[in-house]
Amino acid sequence: MAAEPVRIDDPADPRIAGFVSIRERDLTGREGLFIAEGTVVLRMLGQAQARANGFAAEAILLLESRLAGIAEVLAAFPPEVPVYIASQAVFDAIAGFNMHRGVLALGRKPSAQVGASLLGRLPGTSLVLAGCGLSNHDNVGSIFRNAAAFGADAVFLDETSCDPLYRKAIRVSVGSVLTVPFSRAMAGEAMLRGLAEAGFEIWGLSPRGQVSVAAIPPARRIALVLGTEGEGLPEHILASFRTARIPQRPGLDSLNVATASGIALYQIALAMGRVA
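Mind the numbering: the sequence shown is residues 1 to 276 in the numbering used here, read in order.
Okay, structure coming up:
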């Protein structure tokens, strides 16, 4: 059962310091903390905390008019997590801009997962995504949403990819970043080499792929590799592993990377019996 709400009337109240100037803090970092925004993501954070997967809420800040409507969501949080409420004017002053959703949580990130430790926890039959140079937070959020929808076991991001726990990425993922295991630490080549050594069949997705994604043969372990928007995967990665394409009509050079991940994941998940 969540704590009794505490009203905040002063935007400078030190108890809500972690919520101040959200956009600026998005850029400068929060030292192990992140912002969860919206009712759906708050519910996912509560479920993640209940599963003890490393994610935990530090505090919750609500627009006073939203309190009654999310009582059931708040009930998932332990009483030691403070719940603060504020008027629209105070809420906006805290956030630094108009926050019409009126639902925020300050969460704590789990300990960073390195590729080797995450690999060791994956089941014998696994489907994963690997991203190299994914710098757009909307795309990363959508990729996690697709991963959750089609039953991917994990997402591996190289060290140049953006943080999936950035506020917008979490929101676009509808909280899936909090449920799909991920690693973000290694250089791209080392990450893919580790996957290959763990028995994964590596398939780079590219408009110039050698075969259609529908022709990827079934395997116990498959890793689909995504490159950055525009440039795609580096040539040395395309030359090192097998590649697949999504057939499309002439006229456009490629699909959006998040869209491509959804199509490819569906095709492989269907072949592996993960979706009906």
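Using N, Cα and C, we set each Cβ at its ideal position, and we do this for glycine too.
Asked, Found
"Exposure of residue 260, with buried meaning 16 or more beta-carbon neighbours within 10 Å", "buried"
"Exposure label - residue 251; buried when at least 16 CB within 10 Å", "exposed"
"Residue 141 - DSSP class collapsed to helix/strand/coil", "helix"
"Backbone CA spacing between residue 127 and residue 14 [nearest angstrom]", "45 Å"
"Whether residue 267 touches residue 187 by CB criterion (7 Å)", "no"
"Presumed contact (8 Å Cβ cut-off) between residue 169 and residue 177, rounded CB distance", "6 Å"
"Unbroken alpha helix (DSSP H) run spanning residue 84, endpoints", "Here residue 84 belongs to no alpha helix (DSSP H); instead the beta strand (DSSP E) covers 83-86."
"Residue 82 to residue 106 span [Cα, whole Å]", "10 Å"
"Ranges of the beta strand (DSSP E) found wholly within the segment 37-115, counting only runs of at least 3", "56-63, 83-86, 103-108"
"Opposing strand residues paired with residue 202 [DSSP bridges]", "223"
"Residue 243, buried or exposed, once every other Cβ within 10 Å from all chains shown has been counted against 16", "buried"
"Short Cβ contact (7 Å threshold) for residue 152 with residue 225", "no"
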